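When we follow our numbering, the leftmost residue of the sequence shown carries the number 11, and every step to the right adds one.
First the structure, in the form of structure tokens, and then the observations on it.
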Amino acid sequence: MRPALVLVAHGTRSAAGERTLADLAAAVRRQRPGHRVELAYLEISRPLLADALPAVDGPVVVAPLLLAGGYHVHVDLPAVLAEHRPDALVTPPLGPHRLLTSALARKLARAGLRPGDAVVLGAAGSSDPAALADVRAQAHRLGLRLARPVTAAFASAGAPTLDEALDRLRSGPAARVAIASYVLAPGFFHGRIAVAGADLVSEPLGADPDVAALVWSRFDQAALPVGAAIA
């Protein structure tokens, strides 16, 4: 039996954020018609993962719609799975990855990025040093793509903060500072990124086709043992 894919996001009080995540789930479904894909949340939004998992028969792969590791990946999610679907396979978080680099570069181009602009990768942040390292690794990948340094900065926990990064870059030679929004959907963190004071801010990654393709790449890596066992 082909394993079902359950996408799990953090959850948001933003109606626009929920719509964007639903759009991403739809984009994932379009890439593999006929494959069962469900969307659930760790908290706030509905359905909760704890409620959605028991309704999925057969093998299941859970893919966190999270851009880095951290508490939700290493604590919240395993706790839910241990109680409700200990048999589930789990993919790594989405980032860092070259497909995210492509999506971020495309969003910046649409926002009006110029060759001389300084660039910040604006992320939510985390108290987990490994999660911050994931974001910095993605900033490095984006810098290589854009052929300029990219500074990782954080809207909550983590250093430098968005304000610190913008202040430092404002004192440099760049005429403008751009923020690549390293969040999946509108909501609290994108709101903080949007008002940080940059000259331009890209849209959340959302239902970008490269993000959807990355979900399936993570799924295939996780589901391989299932397919091998079936074969």
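Ideal placement from N, C-alpha and C gives every residue a C-beta, glycine not left out.
Just so it is clear, the structure is predicted and the values come from calculations on it, not from any experiment.
Asked	Found
Considering only the beta carbon of each residue, do Gln110 and Val193 sit closer than 9 Å?	Reading off the sequence shown, one finds Leu at residue 110, where the question assumed Gln. No, these two residues do not count as a Cβ contact at 9 Å.
Which whole-angstrom value describes the C-beta separation of Ala217 and Ala37, a residue pair presumed to lie in contact below a C-beta threshold of 8 Å?	4 Å
Quick check: the stretch 15-22 against the stretch 42-58, are at least 3 beta-carbon pairs closer than 8 Å?	yes
Between Asp230 and the rest of its own chain, which residues show a CB-CB distance below 7 Å, the 5 nearest in sequence each way excluded?	none
Pairing CB atoms from the stretch 100-114 with CB atoms from the stretch 69-76, are three or more of them under 8 Å?	yes
Would you kindly work out how many angstroms separate the C-alpha atoms of Pro249 and Val90, rounded to a whole number?	Only positions 11 to 241 of the chain appear in this structure, which leaves residue 249 out of reach.
Could you tell me the boundaries of the beta strand (DSSP E) in which Glu48 lies?	Val47 to Tyr51
Would Leu156 and Leu118 qualify as a contact pair, given that the criterion is a beta-carbon distance under 9 Å?	yes
Any idea if Gln41 is buried or exposed, counting beta-carbon neighbours within 10 angstroms, 16 or more meaning buried?	exposed
Can you give the Cα-Cα distance for Ala185 and Ala162, rounded to whole angstroms?	19 Å
If you follow the beta strand (DSSP E) that Ala62 is in, where does it begin and where does it stop?	No beta strand (DSSP E) contains Ala62, which is instead part of the alpha helix (DSSP H) from Leu59 to Ala62.
Residue range of the beta strand (DSSP E) that Thr111 falls in?	Segment Arg108 to Ala121 is the alpha helix (DSSP H) holding Thr111; no beta strand (DSSP E) there.
Going by alpha carbons, who is nearest to Leu273 out of Asp138, Gly197 and Val205?	In the structure as shown, the chain starts at 11 and stops at 241, and residue 273 therefore has no counterpart that could be examined.
Taking the alpha-carbon positions, what's the Val130 to Val160 distance?	5 Å
Could you tell me how far apart the beta carbons of His107 and Leu15 are, in whole angstroms, since I believe they sit closer than 8 Å?	The Cβ separation is near 17 Å, so there is no contact.
Within the same chain, show all residues whose beta-carbon is closer than 8 Å to that of Ile203, passing over the 5 residues directly before and after it, in chain order.	Gly132, Ala165, Leu172, Ile189, Ser191, Val193 and Val211
Tell me the DSSP secondary structure of Ser137 in three-state form.	coil
If I measure Cβ to Cβ from Val145 and keep anything under 6 Å in the same chain, skipping five residues before and after, which residues do I get?	Ala78, Ala133 and Ala162
What separation, rounded to the nearest whole angstrom, lies between the Cα atoms of Asp220 and Ala195?	15 Å
Measure how close the beta-carbons of Ala128 and Leu59 come, nearest whole angstrom, since I'm counting them as under 8 Å.	Not really, about 39 Å apart at Cβ, beyond 8 Å.
Taking C-alpha atoms, which residue in Gly126, Arg116, Gly122 and Pro139 lies nearest to Gly152?	Position check: residue 152 holds Leu in this sequence, whereas Gly was assumed. Among Gly126, Arg116, Gly122 and Pro139, the Cα nearest to that of Leu152 belongs to Arg116.
Nearest-angstrom Cα distance between Ala233 and Arg12?	9 Å
Per DSSP, what are the beta-bridge partners of Val72 in this structure?	Val16 and Val100
So, helix, strand or coil for Ser227, using DSSP?	helix
Leaving aside the five residues before and after Arg228 along the sequence, list all residues of the same chain whose C-beta is less than 8 Å from its C-beta, in chain order.	Ala73, Thr101, Pro102 and Leu104
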